[in-house]
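Enquirer: If you're matching positions, the sequence shown starts at 1 in my numbering and goes up one per residue. Structure provided below as C-alpha cells; questions to follow.
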Amino acid sequence: MPHTPRRRFPWLITALLGAALAGAAQAELVVDNAWARATPPGFAKGAVYLDIRNDGRRSDTLVGVHTDRAGRAELHRTIEEGGNSRMVHTPRVRVPADSSVTFEPGGRHVMMMGIDEALTEGERFTVELEAETAGTLRVDVEVLAPTAMGVD
Ligand SMILES: [Cu+2]
1 MPHTPRRRFP WLITALLGAA LAGAAQAELV VDNAWARATP PGFAKGAVYL DIRNDGRRSD
61 TLVGVHTDRA GRAELHRTIE EGGNSRMVHT PRVRVPADSS VTFEPGGRHV MMMGIDEALT
121 EGERFTVELE AETAGTLRVD VEVLAPTAMG VD
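So, in C-alpha cells, the structure goes:
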C-alpha cells in the first residue's frame, strides 16, 4: 500500500475520537446519596454509604478511597457467616456496565478509621473514590443522625 498524505487524516480522527471517549469515561460513574452517621466523640470509626452507577458501556472498578476526615479509609463489606456478621476489606469493587452498586448499612461501606474529630450531624465532607477508568471521583457526604438508615 503506497504511503500517501491521506493516511495521516484517519490517524488524526482516531486521536480526536480517543480524546472524546476519554472525556466520556470520566462521566460514566455517578455517585448519589452519599451519607454517613454522626459518630460519638472519641469514637475513631465511621462509615460512608452511597449509590454508585455506571452509565457507561464498560465495566469500571473502584480501587481505593481517601478522605481528609479520617486517617485511613477502605472499601469494606459486612458479611454474615454462621450467624455472626463481620467486615471484610474488599480492595477492588467492580461496577459493571449499565448497572449500579449500593453501599448501605449491613453491606458495602466506606470504612473510616482514625477519625480525630467526631462526625457531626449536618456536617458535610468530601470522600475521594479512585476508579480504574474514571479516575478520582469527588463525593460530597452528608452527615445524618446516628440512627439514620439512609437519605430520604
Ligand atoms: Cu468496615
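Glycine included, C-beta positions come from ideal geometry on N, C-alpha and C. Remember, predicted model here, so these are calculated numbers, not experimental data.
Of all the beta strand (DSSP E) runs that stay within the bounds of the stretch 54-105, which reach a length of 3 or more residues?
Expert: For the stretch 54-105, whole beta strand (DSSP E) runs of length 3 or above, ordered along the chain, are 60-66, 72-81, 84-89, 93-95, 99-103.
Enquirer: When the Cα atoms are used, what is the spatial distance from GLU74 to ASN33?
Expert: Cα to Cα, GLU74 sits roughly 19 Å from ASN33.
Enquirer: Counting pairs of beta carbons, one from the stretch 56-63 and one from the stretch 93-108, are three or more of them closer than 8 Å?
Expert: Cβ pair count under 8 Å is three or more, so yes.
Enquirer: Leaving out the 5 sequence neighbours to the left and right, which residues in its chain are closer than 8 Å to ARG86 when beta-carbon positions are compared?
Expert: So the list reads THR78, ILE79, once near-sequence residues are dropped.
Enquirer: Going by DSSP, what residue range makes up the beta strand (DSSP E) through ALA131?
Expert: Note, ALA131: beta strand (DSSP E), 124-131.
Enquirer: So what does ALA145 bridge to, in DSSP terms?
Expert: Its beta-bridge partners do not exist; DSSP assigns none.
Enquirer: Closer than 8 Å: is that where the CB of HIS66 sits relative to any heavy atom of ligand 1?
Expert: No, the beta carbon of HIS66 sits no closer than 8 Å to any heavy atom of ligand 1.
Enquirer: Please go through the same chain and pick out, in chain order, the residues whose beta-carbon is closer than 6 Å to the beta-carbon of VAL101, but skip the five residues on each side of it.
Expert: Closer than 6 Å at the Cβ level, and outside the excluded window around VAL101, lie ILE52, VAL95.
Enquirer: Since VAL48 and VAL127 are thought to touch, with beta carbons under 8 Å apart, how far apart are those beta carbons, to the nearest angstrom?
Expert: That pair is a contact at about 6 Å.
Enquirer: What's the call for THR136, buried or exposed, on a 16-neighbour Cβ count within 10 Å?
Expert: Result: exposed.
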